[in-house]
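There are 2 protein chains.
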Amino acid sequence: VKPVSEETAPLSGGTEDEEAKSILVEPGSAGPVSALWWDSGAELLEMIDQTLLPTRLTVLQLRSVDQVAEAIRSLRVRGAPAIGVAAAYGMALGAREQWSAADPEIDQVTALTRLRALAASLRSTRPTAVNLAWALTRVLDAAERHLQSGKVVAELPACILSEAHSICAEDKAACAAMGEIGAALIKDGDSLLTHCNAGALATAGIGTALAPIFVAWSAGRRFEVFVDETRPVLQGARLTAWELARAGIPLTLITDNMAAHFMRRGGITSVFVGADRIAANGDVANKIGTYGLGVLAQAHGIPLYVVAPRSTIDLSLSSGDAIPIEERGADEVTSVLGTRIAPVGVKVANPAFDVTPSRYVAAIITEAGIIRPPFEAGLEKL
Amino acid sequence: VKPVSEETAPLSGGTEDEEAKSILVEPGSAGPVSALWWDSGAELLEMIDQTLLPTRLTVLQLRSVDQVAEAIRSLRVRGAPAIGVAAAYGMALGAREQWSAADPEIDQVTALTRLRALAASLRSTRPTAVNLAWALTRVLDAAERHLQSGKVVAELPACILSEAHSICAEDKAACAAMGEIGAALIKDGDSLLTHCNAGALATAGIGTALAPIFVAWSAGRRFEVFVDETRPVLQGARLTAWELARAGIPLTLITDNMAAHFMRRGGITSVFVGADRIAANGDVANKIGTYGLGVLAQAHGIPLYVVAPRSTIDLSLSSGDAIPIEERGADEVTSVLGTRIAPVGVKVANPAFDVTPSRYVAAIITEAGIIRPPFEAGLEKL
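Chains as they are written, first to last, in our numbering: chain A, 1 to 382; chain B, 383 to 764.
This is the structure:
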């Protein structure tokens with residue numbers, strides 16, 4: 001994938017140059033930055049390569065489904081809602097590749113078989129976040145409806161692109177709604193803690209867990225945010241610190257193992273996290289470390305809020321124990337951005353997610369409202 | 383400080399070459415590796431530069447008190463008992479510097495004033511570990527006794543060196559005793575968790591928290607050890623993983639935020655940590671992250687064992703709230719071994735230690751035996 005634009009920008013809070021900023025802000029976006037967007041002129045998917053942040057701003061142009069799959073697998077785009085949107089656009093690119101070979105006589109069965117194979121290749125990139133599978137199912141359903149209504153196979157790429165646009169637009173609207181709803185939980189003088197990156201870079205909009213923070217700040221409330229660096233991939237240090245600094249929101253970056261100390265001595269008032277999958281009973285799969293924060297927050301009488309769109313809820317799983325946990329490569333742990341930190345050959349565990357039982361969750365904030373325990377009834381009603 | 387020997391050795395478990403090994407193993411040491419030792423021939427202090435492990439084995443020769451202070455401040459030598467021993471030898475080097483300028487007529491008051499200034503400069507390098515202050519007080523007391531007994535000022539350097547040797551020898555013996563006593567807490571099939579490095583590299587002997595692990599393994603018991611990488615300075619990934627791999631003990635390296643997940647799903651049976659200071663009520667100051675492990679261990683019904691020599695106990699403090707917590711530089715958090723991971727200018731917190739209230743501690747293992755709650759009486763009896 002060739003970068004369309006690239007800026008080497010060691011960014012300090014709020015001082016990045018306007019040129020770099022103009023690359024990052026999608027025209028018409030409500031949010032301060034976008035993870036990915038469709039270029040209607042060039043007819044391709046553009047995304048920020050998040051593996052290079054915060055020292056380099058690079059926008060990638062993706063023209064094929066394989067490029068999208070690689071970008072998801074390599075964490076160039078990450079965050080449950082964002083990879084759902086990326087996968088939907090990946091299907092649009094894949095469909096166009098399939099039919100651009102001037103094969104107008106392809107039959108409906110073959111077309112759907114090919115689309116299902118594309119979806120399977122994208123679905124296998126990341127197993128934990130349900131939004132990925134949800135977006136792919138939506139695209140396949142739209143394709144089936146298209147054919148069932150008697151429309152021609154040749155128009156499938158346009159149909160899928162249209163569905164991807166819908167998923168993207170709905171995600172933006174959901175982020176904005178979660179921001180408005182969740183902002184009610186933030187007061188002047190609060191000290192929030194957040195983990196990983198559940199911001200604009202994790203969605204097509206202004207984020208999930210960070211959305212209430214952005215909205216409350218814009219509304220004039222004043223507070224501070226502790227940011228877990230979030231090893232091994234450092235989404236907190238690299239992405240959340242960068243997003244909050246851009247927005248001028250006071251933040252303190254800490255290593256993950258400092259959270260308990262600042263819960264006891266630093267006056268943390270609440271914890272805001274996103275989610276990759278929520279089971280029917282309210283158990284939450286999210287970035288590794290979330291479960292520990294849940295236990296620690298409860299021990300200190302601090303509420304843990306989970307902010308996620310309805311597409312994150314998987315009612316097919318009765319509890320979080322059934323959620324598959326992605327195990328990633330050892331090099332993410334033994335190296336930090338290419339610098340080796342551990343002896344060669346040492347055994348490593350690298351579960352990318354953990355499951356927080358619902359008893360540690362104070363509330364789940366979705367675009368349709370705040371759900372409080374017991375979660376079963378509230379989640380099913382959604 | 384000029385390195386006396388240097389090996390670039392990307393070490394895999396147990397496969398390091400013999401030459402590198404020969405540098406690391408102090409002749410006659412009971413342990414597999416030593417953090418520091420006195421070179422009786424050259425009359426100087428040698429230590430491994432721990433900031434360069436595990437990729438480079440470099441032995442430093444220190445000839446002055448300033449070099450020792452710099453080495454402690456820069457974490458070339460770290461670990462509560464090891465910095466106590468280093469400081470004692472630093473006093474011996476400092477005294478020799480003071481009197482090598484052929485000043486035989488110096489009076490006793492001036493001599494003691496100079497020694498107290500040396501001690502103050504060493505004491506200020508790291509505020510949290512009490513062993514540092516304890517060792518310096520022992521050296522000053524020995525010097526005062528020396529002069530009170532009518533001996534001459536010119537013999538003070540030899541007196542102080544002798545006291546440093548005693549402190550070093552006692553630390554080795556204490557490590558061995560803690561290993562024997564603590565090994566009783568480790569059973570076949572256990573899955574232990576340890577944090578930071580409380581091994582041979584943290585002491586003059588075989589370690590504190592790792593001593594029972596080494597002894598139990600040598601006795602034929604078979605178990606595994608989860609090793610927290612321990613951000614920000616990564617003593618777990620760089621030092622503990624290296625020590626355990628050298629000893630052939632099965633280990634799994636994890637990021638700090640995975641500990642809760644493996645307590646819930648990985649069958650962790652106990653947690654072993656060292657200590658930098660223990661208050662009269664059993665509250666424990668130790669590497670940042672220990673407090674969180676204490677809360678998490680208790681929530682999972684897992685015992686947390688603190689292994690530390692008696693010199694770590696500070697009966698002058700009634701509780702851990704009075705223990706000073708060292709705040710280190712932001713660059714330890716925003717960079718990893720020189721690689722920048724966060725936006726420039728971002729605000730950082732970097733407390734090097736936290737305090738674990740005694741209610742989270744299952745037992746304190748010292749060279750004089752195992753103390754169980756309530757700790758006040760047991761600690762005072764020591």
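Just so it is clear, CB atoms sit at the ideal spot from N, CA and C, and this is done for glycine as well.
Using 10 angstroms around the beta-carbon of residue i, count the other beta-carbons present and answer buried if the total reaches 16, otherwise exposed.
| i | result |
| --- | --- |
| Ser157(A) | Checking the sequence, you will find Pro at residue 157(A) rather than Ser. By the 10 Å Cβ count, Pro157(A) comes out buried. |
| Leu234(A) | buried |
| Ser652(B) | buried |
| Arg628(B) | buried |
| Arg372(A) | exposed |
| Val152(A) | exposed |
| Glu105(A) | exposed |
| Thr113(A) | exposed |
| Gly31(A) | Low confidence applies to Gly31(A): its pLDDT is 41, below 50, so where it sits in the model is not reliable, and the reading given next is rough at best. So Gly31(A) counts as buried. |
| Asp171(A) | buried |
| Thr721(B) | exposed |
| Arg231(A) | buried |
| Arg138(A) | buried |
| Thr110(A) | exposed |
Just reading off the alpha helix (DSSP H) that residue i is part of, what are its end residues?
| i | result |
| --- | --- |
| Leu442(B) | Segment 438 to 444 is the beta strand (DSSP E) holding Leu442(B); no alpha helix (DSSP H) there. |
| Asn513(B) | 512 to 530 |
| Arg628(B) | 623 to 628 |
| Ala96(A) | Here residue 96(A) turns out to be Arg, not Ala, going by the sequence shown. Element bounds for Arg96(A): 80 to 99. |
| Thr366(A) | Element bounds for Thr366(A): not the alpha helix (DSSP H) but the beta strand (DSSP E), 363 to 366. |
| Arg73(A) | 65 to 73 |
Closest by CA to residue i, which one among the options?
| i | options | result |
| --- | --- | --- |
| Ala559(B) | Leu678(B), Phe757(B), Ile752(B), Ile695(B) | Ile752(B) |
| Phe644(B) | Gly674(B), Val730(B), Phe608(B), Trp419(B) | Phe608(B) |
| Val306(A) | Leu379(A), Ala237(A), Ser318(A) | Leu379(A) |
| Gly671(B) | Asp171(A), Gly301(A), Leu57(A), Thr255(A) | Thr255(A) |
| Gly461(B) | Ala657(B), Val737(B), Asp696(B) | Ala657(B) |
| Asp572(B) | Ile650(B), Ala468(B), Ala582(B) | Ile650(B) |
| Pro436(B) | Gly702(B), Arg604(B), Arg620(B), Leu427(B) | Arg620(B) |
| Glu43(A) | Gly338(A), Gln61(A), Asp49(A), Ala69(A) | Gln61(A) |
| Leu244(A) | Phe605(B), Ile588(B), Ala724(B), Arg527(B) | Ala724(B) |
| Ile430(B) | Gly587(B), Gly532(B), Leu418(B) | Leu418(B) |
| Arg747(B) | Ser422(B), Cys550(B), Arg438(B), Leu567(B) | Residue identity differs from the one stated: residue 747(B) is Ile in this sequence, not Arg. Of the candidates Ser422(B), Cys550(B), Arg438(B), Leu567(B), the one whose C-alpha sits nearest the C-alpha of Ile747(B) is Leu567(B). |
| Val59(A) | Thr230(A), Leu293(A), Glu46(A) | Glu46(A) |
| Trp420(B) | Gly589(B), Glu562(B), Cys550(B) | Cys550(B) |
| Gly329(A) | Val348(A), Thr312(A), Ser319(A) | Val348(A) |
| Asp188(A) | Arg221(A), Val85(A), Tyr291(A) | Arg221(A) |
| Ser166(A) | Gly84(A), Ala200(A), Gly301(A), Arg56(A) | Gly84(A) |
| Gly423(B) | Val415(B), Gly589(B), Val521(B), Arg445(B) | Arg445(B) |
Under 7 Å Cβ to Cβ from residue i, same chain only, skipping five residues before and after it: list those, please.
| i | result |
| --- | --- |
| Val346(A) | Thr334 |
| Thr51(A) | Ser74, Leu75, Arg76 |
| Ala183(A) | Pro212, Val215, Ala216, Ala219 |
| Ala362(A) | Pro303, Leu304, Tyr305 |
| Leu296(A) | Ala259, Ala260, Met263 |
| Arg505(B) | Leu514, Ala515, Leu518 |
| Glu708(B) | Arg508, Pro509, Thr510, Ala734, Phe735 |
| Asp696(B) | Val512, Arg659, Ile660, Ala661 |
| Ile631(B) | Ile595, Trp599, Val607 |
| Ile417(A) | Outside the displayed range of chain A (1 to 382) lies residue 417(A), so it cannot be described from this structure. |
| Thr585(B) | Ala417, Gly461, Pro463, Ala464, Asp553, Cys557 |
| Ala525(B) | Leu494, Leu497, Leu538, Cys541, Ile542 |
| Gly253(A) | According to the sequence displayed, residue 253(A) carries Leu and not Gly. Taken in chain order, the residues that qualify are Val227, Glu229, Ala237, Ala241. |
| Asn350(A) | Pro232, Glu327, Arg328, Gly329, Ala330, Glu332, Val333 |
In its own chain, which residues sit with a C-beta less than 6 Å from the C-beta of residue i, not counting the 5 before and 5 after it?
| i | result |
| --- | --- |
| Ser740(B) | Asn663, Gly664, Asp665, Phe757 |
| Val25(A) | Interpretation of Val25(A) is limited by its pLDDT of 35, a score under 50 that renders its predicted location unreliable; no figure is taken from the coordinates. |
| Leu323(B) | The structure shown does not extend to residue 323(B), since chain B spans only 383 to 764, so no value can be given for it. |
| Leu382(A) | Arg310, Ala368 |
| Ala591(B) | Thr576, Ala580, Phe654, Val655, Gly656, Val689 |
| Ala87(A) | Leu122, Leu132, Ala135, Leu136 |
Which same chain residues end up closer than 8 Å to residue i when comparing Cβ atoms and leaving out the 5 residues on each side of it in sequence?
| i | result |
| --- | --- |
| Arg73(A) | Thr125, Arg126 |
| Leu118(A) | Val65, Gly90, Met91, Gly94, Ala95, Gln98 |
For the beta strand (DSSP E) that contains residue i, what are its first and last residues?
| i | result |
| --- | --- |
| Phe596(B) | Phe596(B) -> not in any beta strand (DSSP E); alpha helix (DSSP H) instead, spanning 592 to 600. |
| Gly751(B) | 751 to 753 |
| Tyr305(A) | 304 to 307 |
Please tell me whether, using a cut-off of 8 Å, the distance from the CB of residue i to the nearest non-hydrogen atom of the ligand ADP is below it.
| i | result |
| --- | --- |
| Ala133(A) | The model on display carries no ligand, and the ligand ADP is accordingly not part of it. |
_Could you check whether the stretch 188 to 198 of chain A touches the stretch 147 to 166 of chain A, counting it as contact only if at least three pairs of C-beta atoms, one from each stretch, sit closer than 8 Å?_
no
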